[in-house]
Amino acid sequence: MKASVKGRYDTDKSGAAATFGVNAGDVKLRASMTDATFVGGPNLNGLALSVEKPGFFIVDYNVPKKDFRFQFMNSVRVAEKPLNLTYIHHRGDNRTILDGTLAFDPANKVSANYLLGTGNCKLKYTYVHQGVTTFEPCYDLAKNSWDFAISRRVYGEDVFKATYQTSSQLLGLEWSRNSKLNGSFKVSASLNLAEESKVPKLTAESTWDIDI
746 MKASVKGRYD TDKSGAAATF GVNAGDVKLR ASMTDATFVG GPNLNGLALS VEKPGFFIVD
806 YNVPKKDFRF QFMNSVRVAE KPLNLTYIHH RGDNRTILDG TLAFDPANKV SANYLLGTGN
866 CKLKYTYVHQ GVTTFEPCYD LAKNSWDFAI SRRVYGEDVF KATYQTSSQL LGLEWSRNSK
926 LNGSFKVSAS LNLAEESKVP KLTAESTWDI DI
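Read in my numbering, the sequence shown has 939 at position 194, and its numbers run on one by one without any break.
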């Protein structure tokens, strides 16, 4: 059995979450819970169950809301290029999302994300320069606006990332590390340039993976 424990702190509140998973053949079973599951004694708040067959499907069940989320994945080839397709359906609010990513080569790919029945569609181009620096411009058709992201991997485990959303004038900075030995963490700051106060919002997350 594998367990994952995550702690999160930001300027508004802090919290914790844990995930326990077991392999049943080629299917993974998971149970996730948050600190809300134990506040005031054990309860069902924050409890979620999941069944996954990697590369094929994921079924999530939100226990307190009695809500299902279905995700199906498939991969086909278009002009000898891999096209990864994802279908996501939220039963509770009856939302369906279609996502597709076409990789031209290891350095270049395009993706599209569309919420069925709405005009919400995003188109993104990803370019990886020399395997360490990633540029990601994204166009939101519904908002008629651009989002930009640039990230760079340093020393193998550390990634520094900057994002900017033109529609909301939201600037974000992030430092993350993913280590098999010491776990992973992420420190981020976001600043709304449209606000007069311009006080950054800080968030810190840390995750530990444990074999039981």
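Even for Gly, the Cβ is constructed at its ideal location relative to N, Cα and C.
What residue range does the beta strand (DSSP E) around Lys751 cover? Counting from 1 along the sequence shown, the entry for residue 751 is found at position 6. It spans 747–755 - the beta strand (DSSP E) in which Lys751 sits, taken as one unbroken run.
Just how far apart, CA to CA, sit Trp953 and Leu938? Here residue 953 corresponds to residue number 208 of the sequence shown, with the count starting at 1. Here residue 938 corresponds to residue number 193 of the sequence shown, with the count starting at 1. C-alpha separation (whole angstroms): 34 Å.
Quick one: give me the first and last residue of the beta strand (DSSP E) that Glu950 is part of. Within the sequence shown, numbered from 1, the residue matching residue 950 stands at position 205. DSSP places Glu950 in the uninterrupted beta strand (DSSP E) bounded by 946–956.
Write down the C-beta distance between Lys826 and Ala848 rounded to the nearest angstrom, noting that I regard them as a contact closer than 8 Å. Position 81 of the sequence shown, counted from the start, is the residue given in the question as residue 826. Position 103 of the sequence shown, counted from the start, is the residue given in the question as residue 848. The Cβ separation is near 6 Å, so the contact holds.
Checking 8 Å against the spacing of the C-beta atoms, do Asp956 and Lys811 come in under that value? Taking the sequence shown and counting its residues from 1, one reaches residue 956 at position 211. Taking the sequence shown and counting its residues from 1, one reaches residue 811 at position 66. Result no, Cβ atoms of Asp956 and Lys811 do not sit closer than 8 Å.
In three-state terms, what does DSSP make of Asp844? For the purposes of this step, residue 844 is taken as the residue at position 99 of the sequence shown. In the structure shown, Asp844 sits in a strand (DSSP, three-state: E or B).
Judging by CA-CA distance, which residue of Glu941, Ser942, Lys931, Glu940 is the nearest neighbour of Asp755? Start at 1 with the first residue of the sequence shown, and residue 755 comes out as number 10. Answer by Cα proximity: Lys931.
Secondary structure at Ala781, three-state DSSP: helix, strand or coil? Within the sequence shown, numbered from 1, the residue matching residue 781 stands at position 36. Three-state result, Ala781: helix.
Suppose contacts are defined by Cβ-Cβ distances below 8 Å. Is Tyr884 in contact with Leu868 by that definition? To locate residue 884, count along the sequence shown from 1; it is residue 139. To locate residue 868, count along the sequence shown from 1; it is residue 123. Their beta carbons are under 8 Å apart, which means Tyr884 touches Leu868 by this criterion.
Can you say whether Lys943 is buried or exposed, counting buried as having 16 or more other CB atoms within 10 angstroms of its CB? One-based indexing of the sequence shown puts residue 943 at position 198. Exposed, since its Cβ has fewer than 16 Cβ neighbours within 10 Å.
Have a look at Glu881, Gly876, Asp780, Val767 and flag the residue whose alpha-carbon is nearest the alpha-carbon of Tyr900. Along the sequence shown, one-based indexing puts residue 900 at 155. When the alpha-carbon of Tyr900 is set against those of Glu881, Gly876, Asp780, Val767, the nearest one is in Gly876.
Less than 8 Å between the beta carbons of Gly766 and Asp780, yes or no? Working through the sequence shown from its first residue, we reach residue 766 at position 21. Working through the sequence shown from its first residue, we reach residue 780 at position 35. No; because the gap between Cβ atoms is not below 8 Å, this pair is not in contact.
Given a threshold of 16 other Cβ atoms within 10 Å of its Cβ, counted over all protein chains shown, does Thr863 qualify as buried or as exposed? What you label residue 863 is simply residue 118 of the sequence shown in a count that begins at 1. Classified as exposed, Thr863 has fewer than 16 neighbouring CB atoms from the shown chains inside 10 Å of its CB.
Chain-order list of residues whose beta-carbon lies under 8 Å from that of Leu886 (same chain, five-residue window excluded): Position 141 of the sequence shown, counted from the start, is the residue given in the question as residue 886. Taken in chain order, the residues that qualify are Gly864, Asn865, Cys866, Lys867, Leu868.
Is Lys888 closer than 8 Å to Thr871 when the C-beta atoms are compared? Here residue 871 refers to the residue found at position 126 when the sequence shown is read from its first residue. Here residue 888 refers to the residue found at position 143 when the sequence shown is read from its first residue. Contact check for Thr871 against Lys888 fails: the beta carbons are separated by 8 Å or more.
Could you work out which residue in Lys798, Leu792, Ala776, Arg840 is closest to Gly770 when comparing CA atoms only? As a working note, residue 770 is residue 25 in the sequence shown. For Gly770, the nearest C-alpha among the options comes from Lys798.
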